[in-house]
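2 protein chains.
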Amino acid sequence: MAWFRTLTRMSATAKSWPPPLLPSPLRTVPTAPVASASLLLTSLRNFSTGTAASPAVEDRPPPHLSQSPTHCGDLGPTEGGEKPRVVVLGSGWAGCRLMKGIDTSIYDVVCVSPRNHMVFTPLLASTCVGTLEFRSVAEPVGRIQPAISREPGSYFFLSNCKGIDAKNHRVICETVTDGPNTPDPWKFNISYDKLVIALGAEALTFGIHGVKEHAIFLREVHHAQEIRRRLLLNLMLSDVPGTTEQEKSRLLHCVVVGGGPTGVEFSGELSDFIMRDVRQRHAHVKDYIRVTLIEANEILSSFDDRLRRYATRQLTKSGVHLVRGIVKDVEPDKIVLDNGTEVPYGLLVWSTGVGPSSLVKSLDLPKAPGGRIGIDEWLRVANVPDVYAIGDCSGFVESTGKPVLPALAQVSAKQTIASNLEFFALALQFWLPHSQLVIFWIEQVAERQGKYLAGLLNRIGKAGGGRANSGAEVDLGDPFVYKHLGSMATLGRYKALVDLRQSKEGKGISLAGFLSWFIWRSAYLTRVISWRNRFYVAVNWLTTMVFGRDISRI
Amino acid sequence: MAWFRTLTRMSATAKSWPPPLLPSPLRTVPTAPVASASLLLTSLRNFSTGTAASPAVEDRPPPHLSQSPTHCGDLGPTEGGEKPRVVVLGSGWAGCRLMKGIDTSIYDVVCVSPRNHMVFTPLLASTCVGTLEFRSVAEPVGRIQPAISREPGSYFFLSNCKGIDAKNHRVICETVTDGPNTPDPWKFNISYDKLVIALGAEALTFGIHGVKEHAIFLREVHHAQEIRRRLLLNLMLSDVPGTTEQEKSRLLHCVVVGGGPTGVEFSGELSDFIMRDVRQRHAHVKDYIRVTLIEANEILSSFDDRLRRYATRQLTKSGVHLVRGIVKDVEPDKIVLDNGTEVPYGLLVWSTGVGPSSLVKSLDLPKAPGGRIGIDEWLRVANVPDVYAIGDCSGFVESTGKPVLPALAQVSAKQTIASNLEFFALALQFWLPHSQLVIFWIEQVAERQGKYLAGLLNRIGKAGGGRANSGAEVDLGDPFVYKHLGSMATLGRYKALVDLRQSKEGKGISLAGFLSWFIWRSAYLTRVISWRNRFYVAVNWLTTMVFGRDISRI
Chain A
1 MAWFRTLTRM
11 SATAKSWPPP
21 LLPSPLRTVP
31 TAPVASASLL
41 LTSLRNFSTG
51 TAASPAVEDR
61 PPPHLSQSPT
71 HCGDLGPTEG
81 GEKPRVVVLG
91 SGWAGCRLMK
101 GIDTSIYDVV
111 CVSPRNHMVF
121 TPLLASTCVG
131 TLEFRSVAEP
141 VGRIQPAISR
151 EPGSYFFLSN
161 CKGIDAKNHR
171 VICETVTDGP
181 NTPDPWKFNI
191 SYDKLVIALG
201 AEALTFGIHG
211 VKEHAIFLRE
221 VHHAQEIRRR
231 LLLNLMLSDV
241 PGTTEQEKSR
251 LLHCVVVGGG
261 PTGVEFSGEL
271 SDFIMRDVRQ
281 RHAHVKDYIR
291 VTLIEANEIL
301 SSFDDRLRRY
311 ATRQLTKSGV
321 HLVRGIVKDV
331 EPDKIVLDNG
341 TEVPYGLLVW
351 STGVGPSSLV
361 KSLDLPKAPG
371 GRIGIDEWLR
381 VANVPDVYAI
391 GDCSGFVEST
401 GKPVLPALAQ
411 VSAKQTIASN
421 LEFFALALQF
431 WLPHSQLVIF
441 WIEQVAERQG
451 KYLAGLLNRI
461 GKAGGGRANS
471 GAEVDLGDPF
481 VYKHLGSMAT
491 LGRYKALVDL
501 RQSKEGKGIS
511 LAGFLSWFIW
521 RSAYLTRVIS
531 WRNRFYVAVN
541 WLTTMVFGRD
551 ISRI
Chain B
1 MAWFRTLTRM
11 SATAKSWPPP
21 LLPSPLRTVP
31 TAPVASASLL
41 LTSLRNFSTG
51 TAASPAVEDR
61 PPPHLSQSPT
71 HCGDLGPTEG
81 GEKPRVVVLG
91 SGWAGCRLMK
101 GIDTSIYDVV
111 CVSPRNHMVF
121 TPLLASTCVG
131 TLEFRSVAEP
141 VGRIQPAISR
151 EPGSYFFLSN
161 CKGIDAKNHR
171 VICETVTDGP
181 NTPDPWKFNI
191 SYDKLVIALG
201 AEALTFGIHG
211 VKEHAIFLRE
221 VHHAQEIRRR
231 LLLNLMLSDV
241 PGTTEQEKSR
251 LLHCVVVGGG
261 PTGVEFSGEL
271 SDFIMRDVRQ
281 RHAHVKDYIR
291 VTLIEANEIL
301 SSFDDRLRRY
311 ATRQLTKSGV
321 HLVRGIVKDV
331 EPDKIVLDNG
341 TEVPYGLLVW
351 STGVGPSSLV
361 KSLDLPKAPG
371 GRIGIDEWLR
381 VANVPDVYAI
391 GDCSGFVEST
401 GKPVLPALAQ
411 VSAKQTIASN
421 LEFFALALQF
431 WLPHSQLVIF
441 WIEQVAERQG
451 KYLAGLLNRI
461 GKAGGGRANS
471 GAEVDLGDPF
481 VYKHLGSMAT
491 LGRYKALVDL
501 RQSKEGKGIS
511 LAGFLSWFIW
521 RSAYLTRVIS
531 WRNRFYVAVN
541 WLTTMVFGRD
551 ISRI
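Protein chains in written order, with UniProt numbering: chain A, 1 to 554; chain B, 1 to 554.
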C-alpha cells in the first residue's frame, strides 16, 4: 500500500495542487514515498492560484521552458535565426495541398483554420447515409504536413481569420470556442513572411429567405452528421403512434435543391440507402420515404447530353423525383416554389453552388469579377507583396485575360484533371492488387493551384527570397496553367458518369454505368490522402457491401 | 429532354405538391409524359394542405394503407388475432439481451428507448481517444432483434418512458426531440401484455455541486464524443499565442474522479494516447498534458491486493497521478477537495458508480433496498402482475434473502461470468483464426438476467400465458441464479487485469500483464454483438497499432 502512503502524505503536506508540471507525467515516478513527495512539490508555483482569470497569473515561463516559443499574445515577425514563415489561411483542398508540398527545411508553416482536418468533400455524401464513416473522409492537417506538429516554429491554430493587415504583414485571428465550459475566444496576431489565402467559398443561398435557418448544406463533416441525425430521427419519429399519415409523408420527404454533382450524388446515395437499407431496417415506413431533386435549370449541366440523359434515367429509376423549379421561400416544414407549389419536407439539403464568403468580400484586397480575390498568373494577389490566393476564394483578375476559373463554383470538388490513360491506369492499379502500375493522381483545380504554389514558394525560398518584402527579383518560372480534362459524378447503385472531354462541345471519352462507377471509386480511393484513410474507405465500402449500412443514431 | 417536358407539364398542372405517395419512389416511373403526370396526380390529397399543424389534416389512412397499423395516438391492447406484446423499456445490456432471446413467433416486441442502439460500454473509454471508432461500439437495436424492423406488430420507439400505469397495463411515453427544426415532443400510451423494465441506472454525483454542469460522464456515445471534442480542443487551444503557461497547464490537465474499472480504464487509455500520439502529433504542448485519477477509497476495490498493486504501479509508470481525496465542489475550471486543495482542470471525467435514475425512483412500484425496483427470484416485480425488471435498475427484495446484487453498481459493465477454461478457449479461438474451438460467451449480470427472462417469457408464452393477466398458473422453472466468476479491467499499453476468483477472499486465478490484456481484448472482441462490429473493432485496433490514433476533431 505504498502508493496510498505517498498520496496521503502528499495531500497532507501540499495545500495547493502539486503534480509535477514537467516532464514526469510521461516517465516513471520514483517509488520511494519521500522522493516522490518532494518531486511533487517542486512545481507548486504553477498552480498556486488556481484559475487563469486570477490576477496572480504568471506569464513568464518557468526556466525549463525557455526553449519553447514565447506566448505573449502574438506571433511576431521572424528573426535572423529563424526560418521564414508561410502562413496558410484555411485547411481545404488548396491549403492542404500547398502545405503538403512546402519544403519545411526552407520555411516554417503556420496554418489557421477553424477545423483541424481536411474534408474529402467528394465522399461526404456517402457519410450521410452510413456508407462511409465520418472519420474516413477527414484527414488531420498534422498528418498532411507533419512539420506542423513537430517543428518548433510551425503551428496549427484552431482559429478563424478576422482580417489581414497587408501593410504590416500581419493576420488578425480569433480562437474558436465550443460551448459553455470552454475558454472564451481571444484575438491574436500572426506576422507572415508569405501569406497564402485559401479560405474557400460559402454555399450560395441567393438571398432566399429561410435557407440558412432550415436547410442543411453539405460542405463540412458536421453537415453530414446533421443530415444523418435528422434522417434517422425522422425515420424513427414517423413510426411512433400519434403521427398522422400526412406528417409521416412530410417527415420522410427528403428534398435536395440543386442538380450539380453534389446534389445528384447525395440523391443517388439516399435512394440507394432507401432501396437497400430502409426497406429492411425500417420496414414499417419504407413506403413513405421519398427523394425529390429540385433544379432550376438542367441537372449536371457540365456533362454532355448523353451522360445527362443517362443520369436522369438512372435517378428516376431509383425513385428520385426530378423537378424543375425555382425555390422562392423556405419555411420550417415546407418550401414554396415560384409557381406557388408548396413542398412539405422533413429534410432539406441545399447544394446550389458556392460563392465568395463574407470574410473574403470584406477583405481590403483587389477583387476579380464575382467578388473573389484577384490573382495574377502566378497566383499572387495583384499589387499586394507576399500575399497569394488559391482555391475557390480566388479568381484571375481581368488583366490576365483568363476566365475567372473554369466552372469552379459549380463543380469545384468534382473537377478532375488527368489524362484518359491515367484514369484507367489507376483503376487497374487499385483493383488489381499486384499490378505494377504507377499511381497517377487525379487533381482538381484547387489541388493543382496548391501544388503549383508550393513549388513557386519553394523556388523563391531557395533563391533567398523567403523573407517578407524580399524575393521580388527571383525568376518565377512558368505561370500557372489549368487544363480541364474531365468530370465525374456517381449516381449510387454501382453507376456513375465519367466525362473526359476538354470542353462541353469537345471530343473525348464519356462513359456511364458500371465501368464509370468502378473508375469513380478507384479514382477517389487513390485520392483520399493517407493510406490510413484509403484503408478505412475500402473497409467501409466492403462492410457496407457485406453487412449493409450502419443505422445507429449516435 | 423528355423528363423536363414531363416535369414542366407536371408543375404547370399541379399547384399542390404531387409526388406519388406509394410505392412509386422505389420502382421505375413510366417514361411517357402523360402516364407519368396522371400517376403523379393520384395522391394529391395527401399533400393538399402542406403542414401537419394545419386544420385540414386527414388522419384516416388512404385505402391502400389500411393493412398498416392504426396511428391514432396510442398503441392499444392486443386483440385475438395478434400476438401478445412484450414492451421493453431501455436498450442497454439487459434489455437488448432480452430482446435478442425473445421468441418472436410467440410475441411481438416493442422497445422504447431514447437511443436506437446498445452501447458496448466496456469499450467506450477507447473511443474517447480515437483508438476505436464511435460506430464500432454501438449496435442498432434493429440488428439485435430484426423482428423489430420487420414484423408488423413489433416496433422501436425513439421515446422516453414517462410513467407506468400498471393497473391498466399501460406505459406512458414521450418522443425525443433534437433541436429547433424537429417536431415538438408528444405523448402516447402503449398497452402491454408483459412489461420488462430495463431502464438502467444513472451516474452518481453524491449531490456534489457543479458535477452535472461541468463534469462529463462516460456512459453514452455522446459522452465519449464530448470528451474527445474537449480533449482535442484543449490540445489545440493551448498551442495558440496568448495562452499563459498556467492556462496551458490547466487546459491540459485531465482529471478523472472515481477509481473503479471505468475510471482506471479511461486513465490508462488517456495516458497511452499521450505517450503514443500526443508526443508526436502535438509536440509543442506534450510536456503540459497530465492525467490525475482521484479516488476516495482504493482503486479497483473489487480486485485482489496483488492485482491492485500491479495496477497502481502500471498507472503510475505511465504517468497517471493517483490521488486519494474526496471532491467537495466542482467549479467550471477547478475542483475543490475536502482538504481545501484546489485542482484546476481542462477536462473532468466523472465515474463514481451508478445509482437508480430519477424516473426509477419516481415509479410507483415496490422497491429494493437502495431505491431500485424490487424483484423476486424470477425477476418479477413483487406483487405487480406481468411486470419484470432486469439490469441495473432492479434489485432483489429483502424477502428473497439475497443480496441486492453482487457489486452491481460498482463494476456492472465489467462483471464477467465464465469459467477459467472458457476464457482461454475463446482467447485461442479468436486469435488463432483456424482454431476449431467453440465460441463461449462471457456474460455480465445484466446480460444473464436478460437471457434468463427471455427464456422465462418464452416458456410462459408457449404455455399460453402470454396475454395480460394470464400465465399465473404456468410453472416458472428454476429461479435466476447469478454466480460471479471474474472481473477484468485494462490499464492501456498492452496491460490488463483478470480476476477469476469467486469472491475477494476466494481462490482462483488472478492475472496481470500482457496475457491479461490479450484475454481482455479477446473477451471483448467476442462479446461485441454482431460480426460487423467485431470486424470493425478488430480493424480499428489494427489501424491504431499501425497508423496511430485518429486526431481529427469532427
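Ideal Cβ placement from N, Cα and C applies to all residues, glycine included.
Beta bridge counterpart(s) of residue i as assigned by DSSP
i: Y155/A; result: V110/A
i: L124/A; result: L124/A is not bridged to any residue.
i: V323/B; result: I294/B
i: P344/A; result: K334/A
i: N189/B; result: D74/B, I172/B
i: S394/A; result: I373/A
i: M118/B; result: E139/B
i: Y388/A; result: V196/A, R380/A
i: D329/A; result: V336/A
Option in the options with minimal Cα separation from residue i
i: S91/B; options: E79/B, D338/B, A198/B; result: A198/B
i: G346/A; options: L237/A, G548/A, C128/A; result: L237/A
i: R281/B; options: F156/A, H222/A, L232/A; result: F156/A
i: T341/A; options: T78/A, R229/A, K328/A, P332/A; result: K328/A
i: V539/B; options: E133/B, E139/B, I299/B; result: E133/B
i: L379/B; options: I148/B, V343/B, K451/B; result: K451/B
i: I216/A; options: H209/A, E226/A, L476/A; result: E226/A
i: V278/A; options: G263/A, R85/A, W93/A, L252/A; result: L252/A
i: V387/A; options: M99/A, S399/A, G374/A; result: G374/A
i: E295/B; options: S318/B, D305/B, V264/B; result: V264/B
i: K167/A; options: T182/A, L457/A, N383/A, S552/A; result: N383/A
i: T312/A; options: L359/A, K286/A, V481/A, G259/A; result: G259/A
Simplified DSSP assignment, three categories, for residue i
i: L75/A; result: strand
i: P19/A; result: Only weak support exists for where P19/A lies, its pLDDT of 43 falling under 50; the value from the coordinates is given anyway. It is coil, neither helix nor strand.
i: R290/B; result: strand
i: N339/A; result: coil
i: L365/A; result: coil
i: T543/B; result: helix
i: E202/B; result: strand
i: G101/A; result: helix
i: R219/A; result: coil
i: N533/A; result: helix
i: G90/B; result: coil
i: N181/A; result: coil
i: I227/B; result: helix
i: R448/B; result: helix
i: R27/B; result: Legend: pLDDT at R27/B = 35, less than 50; position of this residue unreliable, no value from coordinates given.
CB contact flag (residue i, residue j, <8 Å)
i: V257/A; j: V291/A; result: no
i: I190/B; j: V109/B; result: no
i: G73/A; j: G455/A; result: no
i: R250/A; j: G153/A; result: no
i: V354/A; j: L123/A; result: no
i: S267/B; j: L233/B; result: no
i: P114/B; j: V176/B; result: yes
i: residue 565/A; j: A446/A; result: Any question about residue 565/A goes unanswered here, given that chain A covers just 1 to 554.
i: P385/A; j: R372/A; result: no
i: V255/A; j: I335/A; result: yes
heavy atom of the ligand FAD below 7 Å from residue i C-beta
i: G153/A; result: Although the ligand FAD was asked about, the structure shown includes no ligands whatsoever.
In the segment 251-315 of chain A, which residue ranges form an unbroken beta strand (DSSP E) of at least 3 residues, counting only runs that do not cross its ends? Entirely contained in the segment 251-315 of chain A, the beta strand (DSSP E) runs reaching 3 residues are, in chain order, 253-257, 290-295.
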